[in-house]
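K.L.:
Protein chains in written order, with this note's numbering: chain A, 77 to 406; chain B, 1095 to 1364.
Ideal Cβ placement from N, Cα and C applies to all residues, glycine included.
Attaching a single structure in structure tokens format; questions to follow.
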Amino acid sequence: MGGQGTLAIEARGLVKTYEEVRALDGVDLAVPAGTVLGLLGPNGAGKTTAVRILATVLNADGGEARVLGIDVAAHPDVVRARIGLAGQFAAVDGNLTGRENLILIGALTHLPRKEIRPRADELLERFDLADAADRTARTYSGGMRRRLDLAAALVHRPPVLFLDEPTTGLDPQSRNDLWDVVRGLVADGTTVLLTTQYLEEADLLADRIVVIDRGTVLVEGTSAELKRRLGATVVELSMPDEGQAAAAVGVLEGLDIGAVTREGVGVRLSASDGTRALVATVRALDGAGLEPATAAVREPSLDDVFLTLTGRHAHQEGAEAGDAREEAVR
Amino acid sequence: MTTDAIAAAQVHGPSALALGARDVAYMTWRNLLTIRRLPQLLVFATIQPLLFVLMFRYVFGGSIQIPGVDYVNYLMPGIFAQVVAFGAIQTAVGLAEDRNKGLVERLRSLPMARYAVLAGRTLADLVRNVFVVLLMLGVGFAVGFRVQTDAAKLLLGMGVLLLFGYSLSWIFAFVGLSVPNAETAQAAAFPIMLPLVFASSAFVSTANMPDWLAAFAEHQPVTAAVDAMRSLVLGGPWGENVLKSLAWTGGILAVFVPLSVKRYRAGAAG
Chain A
77 MGGQGTLAIE
87 ARGLVKTYEE
97 VRALDGVDLA
107 VPAGTVLGLL
117 GPNGAGKTTA
127 VRILATVLNA
137 DGGEARVLGI
147 DVAAHPDVVR
157 ARIGLAGQFA
167 AVDGNLTGRE
177 NLILIGALTH
187 LPRKEIRPRA
197 DELLERFDLA
207 DAADRTARTY
217 SGGMRRRLDL
227 AAALVHRPPV
237 LFLDEPTTGL
247 DPQSRNDLWD
257 VVRGLVADGT
267 TVLLTTQYLE
277 EADLLADRIV
287 VIDRGTVLVE
297 GTSAELKRRL
307 GATVVELSMP
317 DEGQAAAAVG
327 VLEGLDIGAV
337 TREGVGVRLS
347 ASDGTRALVA
357 TVRALDGAGL
367 EPATAAVREP
377 SLDDVFLTLT
387 GRHAHQEGAE
397 AGDAREEAVR
Chain B
1095 MTTDAIAAAQ
1105 VHGPSALALG
1115 ARDVAYMTWR
1125 NLLTIRRLPQ
1135 LLVFATIQPL
1145 LFVLMFRYVF
1155 GGSIQIPGVD
1165 YVNYLMPGIF
1175 AQVVAFGAIQ
1185 TAVGLAEDRN
1195 KGLVERLRSL
1205 PMARYAVLAG
1215 RTLADLVRNV
1225 FVVLLMLGVG
1235 FAVGFRVQTD
1245 AAKLLLGMGV
1255 LLLFGYSLSW
1265 IFAFVGLSVP
1275 NAETAQAAAF
1285 PIMLPLVFAS
1295 SAFVSTANMP
1305 DWLAAFAEHQ
1315 PVTAAVDAMR
1325 SLVLGGPWGE
1335 NVLKSLAWTG
1345 GILAVFVPLS
1355 VKRYRAGAAG
């Protein structure tokens, strides 16, 4: 669909500067219609800024953004009628009931008057909020608020959906429920751009993942491609002292099965096959007369991705400052 | 599809105004619901002017001499003006709260009219002002206020005051869009509102103020509104006073409606 081939969301060279700090420094994004893009990055990486520009609530300082082939800066109202935005801040009105919230959004997205109420009821049912429909949203749990927020983004059946950290701060059960909803929407053909700090979330939901940091794209690919490149599992060792840890790094790098990083007495190895890597690691260390105090295999986190890609942790001072800036301008 | 979509979206031209009116109506409905859900806001909005009535009527009133008028009759038009003036501060507070909660962010992503958020807010505050002013009218009657003219003039005076309050709401809409949160909105509003309300003819005659203060007091919008109301309920020539107040109201609207809408759009795509 659209004049731009099959791309539902497209950004080229997006730049946004807040008081001399580049929140976005030339970001390119391309999301084919009917797919999910996971925009992965730490706080302040520029995820929210990118979403806000694509959702027409913020002007870019440079670059170009299109939704369904329509320029967001030139025709914001045309874009607005075709997108839904749900966010980590759960922008529902606490003083209105769940039903009233949806009626308000239905009216403001210009649904025909007769369709507003039935659509609100349909969504309340679908998001398991029918029993709470006539309670003020203030009384809702965090998970319920998030579901209402998502329902509000869907009232006018937008073909493109922006989800800004939809599960941040949710308990595991609510998170799973929300993931199921997103999968259902995608099955119905909705294009989704989802920002997240959780590698697991991007892995589970996204067709393609873009990792961004400090306003630039670090790496991009399918989940499988990223795992091939960054390692599907992490072997984490703790050595008795720093000298042995340094020695262990040398031994593990000699194995040539994945990236090795060290921090104090901690050593981690990103590899594609965790169990075999663990066996190889223990054998090699044993052969070198080294004995780890602890050894474990686990799934990689966003932090591991960052360590592998940049040699530093995902949450650093610079990132936090960027987060504060993003907060300040909303 | 691209150009078709844009063309299709622009065809709704004739009904754009109707859609905008519907946006404003729904935003007003939403804000009025909020007032109903948080009745304490209305209670506080009422207690303050009530205390002022009692204080000026019974504590200070005996010491304030206005030649030729019963002080309670002189006071009540000032109280009504105070009610609508301080009520306008709620416009700033409410807007700042909506921005903080991320609600304005969501509304900005919707294809609704850009002015509807502000128009809905100020109209709801107008409705609230009508309610509080009527309540204070009841209180006024209870403490001895008597209209010296007729009901039609009282009604006209109420209309002039409420319109004036509505124009102030647009000033405070601008404030509410310019400050980071509700607390700052409140803090920013009082230094604007206090001198306007107290350095006016609301409670005392400007004739007894020092020259420099009288010069300010006699040429500001609260005095214009109070004088219009006062001449309508106490009797005497009123036409010029009413026109003067309406001119202030029109002037404020002409400046702050476009300024606030521009501020609302600022930073976002049209």
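Can you list, in chain order, the residues of its chain with a C-beta nearer than 6 Å to that of A321 (chain A)? Leave out the 5 residues immediately preceding and following it.
P.N.:
Closer than 6 Å at the Cβ level, and outside the excluded window around A321 (chain A), lie M315, R338, V341, V343.
K.L.:
Report back the beta-carbon spacing between D1064 (chain B) and Q1176 (chain B) to the nearest angstrom; my notes put them in contact at under 8 Å.
P.N.:
Since the first and last residues shown for chain B are 1095 and 1364, residue 1064 (chain B) lies out of range.
K.L.:
Within the continuous alpha helix (DSSP H) that includes S346 (chain A), where are the two ends?
P.N.:
Taken as a continuous stretch (DSSP letters only), S346 (chain A) belongs to no alpha helix (DSSP H), being part of the beta strand (DSSP E) at 342-347.
K.L.:
For the segment 269-305 of chain A, which segments carrying the alpha helix (DSSP H) assignment without a break, of at least 4 residues, lie completely within its bounds, in sequence order?
P.N.:
275-281, all fully within the segment 269-305 of chain A.
K.L.:
Between A1311 (chain B) and S1339 (chain B), is the Cβ-Cβ spacing less than 7 Å?
P.N.:
No, they are not a contact pair.
K.L.:
What three-state label does DSSP hand A84 (chain A) in the structure shown?
P.N.:
It is a strand residue.
K.L.:
Just to confirm the assignment, what range does the alpha helix (DSSP H) spanning F1284 (chain B) have?
P.N.:
From DSSP, the alpha helix (DSSP H) with F1284 (chain B) extends over 1276-1292.
K.L.:
Can you tell me which of the three DSSP states A1112 (chain B) falls into?
P.N.:
A1112 (chain B) falls in the helix class under three-state DSSP.
K.L.:
Taking R222 (chain A) as the reference, which of A:A308, A:H389, A:A364, A:V257 has the closest Cα?
P.N.:
Closest by alpha carbon: A:V257.
K.L.:
When you compare only the Cα positions, how much space is there between L1249 (chain B) and V1221 (chain B)?
P.N.:
Distance between the alpha carbons of L1249 (chain B) and V1221 (chain B) is about 15 Å.
K.L.:
Does any residue of chain C have a CB that is nearer than 7 Å to the CB of N171 (chain A)?
P.N.:
Among the protein chains in the structure shown, which are A and B, there is no chain C.
K.L.:
Would A183 (chain A) and D225 (chain A) be called neighbours here (beta carbons separated by less than 7 Å)?
P.N.:
Not closer than 7 Å, so no.
K.L.:
Starting from the C-beta of E312 (chain A), find all residues in its chain whose C-beta is less than 6 Å away, skip the five residues before and the five after it, and write them out in chain order.
P.N.:
The residues are R344, A372.
K.L.:
Thinking M1303 (chain B) and A1179 (chain B) are a contact (beta carbons under 8 Å), I'd like their distance in whole angstroms, please.
P.N.:
Not really, about 19 Å apart at Cβ, beyond 8 Å.
K.L.:
In this structure, how does DSSP classify D362 (chain A) when only helix, strand and coil are distinguished?
P.N.:
Looking at D362 (chain A) - three-state DSSP - the assignment turns out to be helix.
K.L.:
By how many angstroms is the C-alpha of L1127 (chain B) removed from the C-alpha of L1212 (chain B)?
P.N.:
Near 16 Å, if we compare the C-alpha coordinates of L1127 (chain B) and L1212 (chain B).
K.L.:
Is the distance from the Cβ of A1322 (chain B) to the Cβ of V1254 (chain B) below 7 Å?
P.N.:
The answer is yes: Cβ separation under 7 Å.
K.L.:
Apart from the five residues on each side of it in sequence, which residues of its chain come closer than 6 Å, Cβ to Cβ, to G350 (chain A)?
P.N.:
Closer than 6 Å at the Cβ level, and outside the excluded window around G350 (chain A), lie T309, V373.
K.L.:
Along chain A, in chain order, which residues have C-beta atoms closer than 7 Å to that of T1128 (chain B)?
P.N.:
Those are N171, listed as they occur along chain A.
K.L.:
Based on Cα-Cα distance, which residue from A:A141, A:A347, A:S217 lies nearest to A84 (chain A)?
P.N.:
If we check each option's Cα against that of A84 (chain A), A:A141 comes out closest.
K.L.:
Name the chain A residues that come within less than 7 Å of D1117 (chain B), Cβ to Cβ?
P.N.:
Residues of chain A passing the Cβ test: L184.
K.L.:
Under 7 Å, do A1360 (chain B) and A1279 (chain B) count as touching if we go by C-beta distance?
P.N.:
Contact flag unset, no.
K.L.:
Against chain B, which members of the segment 350-366 of chain A pass a CB distance test of less than 7 Å?
P.N.:
Under the 7 Å Cβ criterion, the segment 350-366 of chain A contributes no residue.
K.L.:
Taking the alpha carbon of I285 (chain A) as the point to measure from, which residue in A:L116, A:R233, A:T111 has its own alpha carbon closest?
P.N.:
Looking at the Cα atoms, A:L116 is the closest of the given residues.
K.L.:
Where does G89 (chain A) fall in DSSP's three states?
P.N.:
In the structure shown, G89 (chain A) sits in a strand (DSSP, three-state: E or B).
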